Structure formats: C-alpha cells, structure tokens
Amino acid sequence: MISRTIRILKHYLLLDEDNLRTTDADVWRLSVLRTILLIGVVLTSAIVAHSSYTAYVQELYYVMYLTLGFTAFLFATLSIGLKDIKIASACLVLAVVGASLCILFFTIDLESARYGLLLLFTLPIIVRVLYGVKASIATMLFNLIPYYLLLNNTQVSPLFGIDITLPDTHTYLASLIFLFFNFCIPMAVLRVMSSLEKQSEHNLLQSKKLNKLVSRYQEIFNNGGTPSFFCDEQGRVIQANKAARALVKKYRPESEYIQDLFSLSHPITKGVNQHASIFNAPEREFKLQPASLEHHKKQLIHCHDISANKKSLMEFDAFKKQQYEKHYFNELTGLKNHHFWKIAESSESILNRHIVLLKLANLREVNLQYGYSQGDQLLLSVASLLQSEFTNDVSVYQFPGAKFLFTVNGKHLSTQSIEHYLERRLPTSMIINSARGTVEHMLKWRAGHYHASREISLDAAAECCAIALSQSDEFAPYISFSINTVKTIRENTQQKDKVKALLDNGCLALYLQPQVSLHGVTVGYEVLARLKEPKSGTVLQPFQFLPLVEENKWEVLFTQKIIDGTLALLDKWPSNLPKVPLAINLSGPELLSDLFYEKLLRRFSESPELGARLKLELTETSVLASHYETKRRLTSLANVGATIIIDDFGTGHASLSQLIDMSASVIKVDREFVERVETSERHRKIVKMTLDLAKSLDMQTIAEGVETQAQLRVLKDMGFNIFQGYLFGKPAPIEHWVKTAKARA
29 MISRTIRILK HYLLLDEDNL RTTDADVWRL SVLRTILLIG VVLTSAIVAH SSYTAYVQEL
89 YYVMYLTLGF TAFLFATLSI GLKDIKIASA CLVLAVVGAS LCILFFTIDL ESARYGLLLL
149 FTLPIIVRVL YGVKASIATM LFNLIPYYLL LNNTQVSPLF GIDITLPDTH TYLASLIFLF
209 FNFCIPMAVL RVMSSLEKQS EHNLLQSKKL NKLVSRYQEI FNNGGTPSFF CDEQGRVIQA
269 NKAARALVKK YRPESEYIQD LFSLSHPITK GVNQHASIFN APEREFKLQP ASLEHHKKQL
329 IHCHDISANK KSLMEFDAFK KQQYEKHYFN ELTGLKNHHF WKIAESSESI LNRHIVLLKL
389 ANLREVNLQY GYSQGDQLLL SVASLLQSEF TNDVSVYQFP GAKFLFTVNG KHLSTQSIEH
449 YLERRLPTSM IINSARGTVE HMLKWRAGHY HASREISLDA AAECCAIALS QSDEFAPYIS
509 FSINTVKTIR ENTQQKDKVK ALLDNGCLAL YLQPQVSLHG VTVGYEVLAR LKEPKSGTVL
569 QPFQFLPLVE ENKWEVLFTQ KIIDGTLALL DKWPSNLPKV PLAINLSGPE LLSDLFYEKL
629 LRRFSESPEL GARLKLELTE TSVLASHYET KRRLTSLANV GATIIIDDFG TGHASLSQLI
689 DMSASVIKVD REFVERVETS ERHRKIVKMT LDLAKSLDMQ TIAEGVETQA QLRVLKDMGF
749 NIFQGYLFGK PAPIEHWVKT AKARA
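So, in structure tokens, the structure goes:
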C-alpha cells in the first residue's frame, strides 16, 4: 500500500526515473510547481482548518471565505497538467504574491505583517525556476519595495479598513513562513538539483562515450590509408593523418599549406573535386576530395592516389590508339584501310569521281615461290609507289587481298581512258633487295573501275569496283563496271541456286548410253547425269550445270547422288534388258573426300558382286585425276573388285603415268581422236598406237564418240571390240531402253 502510494506520488510529482533524466524544461518546471503546491497544501491544511474554525467562531466569515478560497485556488492549480504549464506557473506566482499582499495589507500587527514581506523574497527563486533569468532579475528589483518597507518598519495596514487578524495570527503566519521556507522551497530546489545531477551523470556518461568515439575516429583518421588533411579556409594544414604526414615528409617537408604540396588548377572549393599532382613529382597524381562539413568552416580534404589509374588510363589510351590504328590502318604498309574509307569518304565526296579497285594479281605466286617475307616487301614497295605516283587529292586505301582503292577526279581522266591512266602510272616490274640477293618481280595488275555519276553509297561503289575486278583477266586486266555484268552475275547466281536446289531435292535424272560389241550386242551402259525440273519437265544438259558443280565444289554431293541412283537402278533392273554393268564417272575431287571414299570402298568390300555390275570411269581431263592420293585410292578400289576405266584417254594429265600408277583395266579412247579417224592419217596412227599399247598391257579398249558407219568400219579394222556413240543410241532414260527392247522383241 505504502509503495503504491509512493509510486503514485512519484508519478504525479514527475519524480520517476524517466522524468528525472528528461531534458524537457516544462517537465521539471511542472514537477517543481506541483511539489511546492502539494507540500504547501498538505502542511498548511492544519493551519487553514484551525484559522477557519476560529474565524467561524468569532463570526469573521470573510476571513473564513478568504482562507478556504485560497486553499481551493491551490487545489485547482494542482490539477493543471503539462500542456498548461504557463497557466500553472502564473497561478503559483499569483498565489504567493496574493498571500504576501493579504498578510501585508490586512494584518494590523506590524510584526505579523512583516511575514508577508518575507514571503515576497521567495519570488526570485520561484520565478527563476518557472520563467527564467530575466523574469527573476525583474522580481529581485521589484523586491526593493518590500525591502524598503521592511527596513523602515512602515505600517501599511489595514487597507480599506479590512482586518483579518485572529488571536493566533502570529502563530499561523510564523508556521506558514517556516513551512514554506523550510519545506516547499528546499523541496523545489532538491527537485531541480536531482534533475541537474541526473543530467550531469548522463552528460558525463555521454562525454565519456563521445571522448571514446572521438578517440576512435581520431585513430581511424590517423591510420586511414588515404592521406587526409584538416585545413582552414585558406588551406593551411591544421592536422594531417599518418599517410598525409608521410606524403609531406617524402615530397615537401616544409609545406604549411596544402597548395605547397599539390599543384592545384584552382582553389579548393567545398564539394568540388579536382585532380592535382605533387610538385616536382608529376607522376604522382591525386584526386582531392573536400568533405562536406556542415558545422564549422574547416576543410577535411581526402587525397586519393590515382597514379596507378593514370598509368592504366595512359596504357588504355595507348591501347585504344593501337586498336584504332589496327582497325583503320594496314599494319604492314601503314595505309588507311577499307574501314577508314567508310568514315573518311561519303556519298557526296565520291560523286562524279572515278573509283578504282586495284589488285596485285600475282602476289600469291610471289609468296609461294619466294616466301611471305619477300611478298611483304613487295607489297610495301608497291604501297609506297602508289602513294608517290598519285596526286595529293588522291587518297589510297588498302583493301583486303592485296587490293588498293583510290578515287580520281574526273578532270584527270577527261582526255584519257582508265586503262591509259593506270598504264602510265603502274610499273610492270619491281626490284626487291633481300638477304638472298636482288630479285626482279613482274607485276601483274588487275583493276575494277566505276564512275560515280550518280549518288551511291560507299559500300555499293566498292562493290561495283569489286564486280568489275572479278571480270578482269590477263587479256583484259582493266575492266569498267557495267550493269550488264551485274545482270550476268545475277543470272549465274540464280542458275547456281537453281542447280543446288535441284540437287538437294533429288531432281537428278540418270540417262544411259549403251556400249556395244562387234556384233551389235549391248555389253554395258555409261550412266550420264541430267537435272530435271519437276514443274516444267525441262532437262538441264551437262554444260548447264557441271561447271557450277565444279566451281562450287559440289562434286562429292553430285557423285554420291549418282551412285545412289545407279545402285537403285541395279536393284530394280528391268527383266527385258540384258544384265550388263553400268559405268559412272568420277572427276577426281570426290575421291579425295575421306567420307566418300570410305563409303564407296565399304560398298565394294561388303558386296563382291558389285564389282561386276558397277564400273568407275575416271575423267582424265581433271587435274586431280593424276593426284597421288587419287591414284592410291583407285588402286585400293581395284583391289576389292572395282573395274577402273580411264576416260578421255590422251587428252588429260600424265596419261602414260596413269597406266603405271593406277590399276586401270579399261581405256576409253576420246571422241576427239575417233571423230577424225577416217579422214586423218595422224589420228589413225595415234588411235592405233593407243590400241596396241592397251593390248600390250592386257587392257580392254572402248572407242567413244562413234557416230558414223565409216568410223565404225575403220575402228573395227584397227581391232576395237567395244564401241559407244550416237551411232548406237543417244543417252536416254532407262524407260527409253526398256521400250526399245520391247519393240525389238
């Protein structure tokens, strides 16, 4: 019960721990006010009760009303809360002043009246606590009046003839003064002192924490890896951390200002970073970063060492320059390249100019014969020559593939052709000195020319020159661009796409041409390929697609489809046709394909009967027909049962050596010799010699291209046993030969 009462009192008087520690002045002012009032009311309650009773007995009701009203006023003031602290403070001051004046003006006894003056002397303390220093000083000055009255024993009562004196008034007032001075005021002071002590303890604790924090930050500042300076507004160094002191000691020990250490581009300004190098050490560059200090005018400047960054940046700049030169300039000759051409020129700058794409056509031959070092020297000399030969308004650009592009003003070609212009400036040979001696190289030039008579993009102009260049050869080395050339190229491209699509879509048609014996009996067929368009039914002849097959290196695909088709024919061979072998043509490149060769070899190995049904004709006009690996692989095929036929014998490469190196068992004499065998003695001798050679090597012979009876008689007389040509039938689908066989039957 007691502890609960104490807690309630502490809470009401704002004496709990939180309120004692608070820094809110209104809290402890209200606490002081309530302390004074509560103690005053409690301690003077007996005086009020006794004096009121005495006044009632003596029928001095106004005295009773005065004391009870004063007590009620004090109780009302006690109920005022924190929000109305100013009203409560005014009420307390009013109560003290009112009580003092009542005692002074309405007590006849001079000794008792003096207690009212003494009560006024407590006002400075109360006013100081509740209002502040200025109000307290004003109250002190006001108290000079009661002091004067007290000093002169001046009698001012009774005012208005009112007398509140009771028999025990002296006792009442003495007790009131005693209680106010001995309890109320001291308790108020104790309350203030308690708050001050608590605040002092709190401040001391915070001060220790702050000192510890300052020491910690000082340690962090002093031992930070970044040099930092604490300066005044003029840049004078007030404090520097360890890294900053080491920097000063190493480079400028006499530095007093930060500008003595760093070469500043402008005065240090708050919030503005700048780069600065150390005096006499330009390689040491720092980024000066003034920190934003809001509460004083000093400057904290962090100095970040960016020397390594500067070095890296310089290296990066050098790298960018290197990459730029590598991208836009030729490494060997130093000439601007095709990339530079695109940024240096424009559609407007080349308008009405002649654009020439020049190529050193035999550079590859020089590289192969003399080595790439010699070729590089030649290319370097050519580049220097071109730069010196052309006028200043002609920029030479080096394009990939030993090509040079330049533009010429129309006035330079007004009276001469591009051929004449180039021939006058381009040498036909060049002497190159090397460690192996002096070598004179012939220069074979090719050029593609385009006149930009209308606005055209740079890429399109260069492409026109490239198209013209692609049409040049040793007989016409300098070609000007023509729209007809584009049409031809477009047609060739369309034809190329068409042929590839027909191959991919299985539109290969196999035609057969019979091979007959002396007695007119069919002993074999040669398989000849055609391409047939599925929609129109148009059949493409060999001259329409074979050059494209060779040019685009489709030989493996093409021959593989022929083999697959031929094997399909053999599997479904018509019963009314004689079971004779079929011969397919190999051009040579497909045999150098490992996959094609292994597949073909496996077919002959796994099907021994295939050797009697499928023969392989090697077109001897192919360069690769005489390739060592071609010969080796043909020999391997012959060893597993394949019959090897040398086609077009006498017209190709190393005919006699093929008879030695390849396991060929059949020779086909080319139509070039057969067609004139009846009219030319020389041709007859060559054919006879070939026949005798084959017989001596135990090889069969086939006369190809027989078209007339006269040719047939001569060939029979020579000793040929097998013939092929239009005389016995043109190449035709198998359905034709089936129909022919039925008709004969």
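Residue numbers (my numbering): 29 to 773.
Even for Gly, the Cβ is constructed at its ideal location relative to N, Cα and C.
Keep in mind the model is a prediction, meaning the values are calculated, not measured.
For residue i and residue j, which I take to be in contact (beta-carbon distance under 8 Å), what is that distance rounded to the nearest angstrom?
i	j	result
Val697	Phe677	6 Å
Pro759	Leu486	Their Cβ separation, rounded to whole angstroms, is 51 Å, which puts Pro759 and Leu486 out of contact at 8 Å.
Gly252	Ala271	7 Å
Phe368	Tyr425	6 Å
Gly747	Glu735	Wrong, their Cβ atoms sit about 20 Å apart, outside the cutoff.
Leu391	Leu406	7 Å
Ser457	His469	6 Å
Cys212	Ile64	5 Å
Leu610	Leu642	6 Å
Tyr785	Ile460	Absent from the structure is residue 785, since the part of the chain shown begins at 29 and ends at 773.
Let me confirm a value: residue i is counted as buried when at least 16 other C-beta atoms fall within 10 Å, else exposed. Which label applies?
i	result
Val28	No statement about residue 28 is possible, as the shown extent of the chain runs from 29 to 773 and does not include it.
Gly263	buried
Glu87	exposed
Gln327	buried
Ile612	buried
Gln737	exposed
Val161	exposed
Leu573	One detail in the question is off: residue 573 reads as Phe in this sequence, not Leu. It is buried - the Cβ of Phe573 has at least 16 other Cβ atoms within 10 Å.
Phe571	exposed
Ala731	buried
Met92	buried
Ala692	buried
Val300	exposed
Lys237	exposed
Ile266	exposed
Glu657	exposed
Lys713	exposed
Leu628	buried
Ala682	At Ala682, the pLDDT of 40 sits below 50, so the modelled position is not reliable; the number obtained from the coordinates is stated separately. By the neighbour-count rule (16 or more Cβ atoms within 10 Å), Ala682 is not buried but exposed.
Glu373	buried
Secondary structure at residue i, three-state DSSP: helix, strand or coil?
i	result
Met458	strand
Cys535	coil
Ala557	strand
Gln302	strand
Lys607	coil
Ala480	coil
Leu652	For Leu652, the pLDDT reaches just 49, beneath the cut-off of 50, and the residue's location in the model is therefore unreliable, although a value from the coordinates is still provided. Residue state, collapsed to three classes: helix.
Lys696	strand
Ala682	In this prediction, Ala682 has a pLDDT of 40, which is less than 50 and means its spatial position is unreliable; what the coordinates show is noted afterwards. Coil.
Thr99	helix
Asn437	strand
Lys581	coil
Gln227	helix
Arg381	strand
Phe258	strand
To which residues does DSSP link residue i through a beta bridge?
i	result
Trp473	Leu388
Thr466	Asn461
Glu313	Ser305
Leu540	Val555, Ala760
Lys643	Ala611, Thr671
Ser508	His477
Pro318	Ile329
Asn365	Gln426
Leu568	Leu559
Ile730	Lys696, Ile750
Gln737	According to DSSP, Gln737 bridges with nothing at all.
Thr776	Residue numbering for the chain in the displayed model covers 29 to 773; residue 776 lies beyond these limits and cannot be assessed.
Cβ of residue i versus every heavy atom of the ligand NAD: is any distance shorter than 7 Å?
i	result
Glu417	The model depicted lacks the ligand NAD and carries no ligand whatsoever.
So that I know if they touch, is there some Cβ in chain C lying closer than 8 Å to that of residue i?
i	result
His547	Considering every chain present, this structure includes no chain C. It has just one protein chain.
Q.
Closer than 8 Å is the cut-off here; do at least three beta carbon pairs connect the segment 217–229 with the segment 57–67?
A. yes
Q) When the Cβ atoms of the segment 125–133 are set against those of the segment 170–185, are three or more pairs found closer than 8 Å? A) yes
Q) Using 8 Å as the threshold, is the segment 406–419 in touch with the segment 432–441, meaning 3 or more CB pairs across them? A) yes
(Q) Does the structure place the segment 489–505 close enough to the segment 468–480 that three or more beta carbon pairs sit under 8 Å? (A) yes
Q) Can you find at least 3 beta carbon pairs, one from the segment 600–617 and one from the segment 558–570, that sit closer than 8 Å? A) no
**Q.** Sufficient close CB pairs (3 or more, under 8 Å) joining the segment 530–547 to the segment 584–591
**A.** yes
Q: May I ask you to verify whether the segment 301–320 touches the segment 275–287, counting CB pairs closer than 8 Å and requiring at least 3?
A: yes
Q) Using 8 Å as the threshold, is the segment 700–719 in touch with the segment 655–673, meaning 3 or more CB pairs across them? A) no
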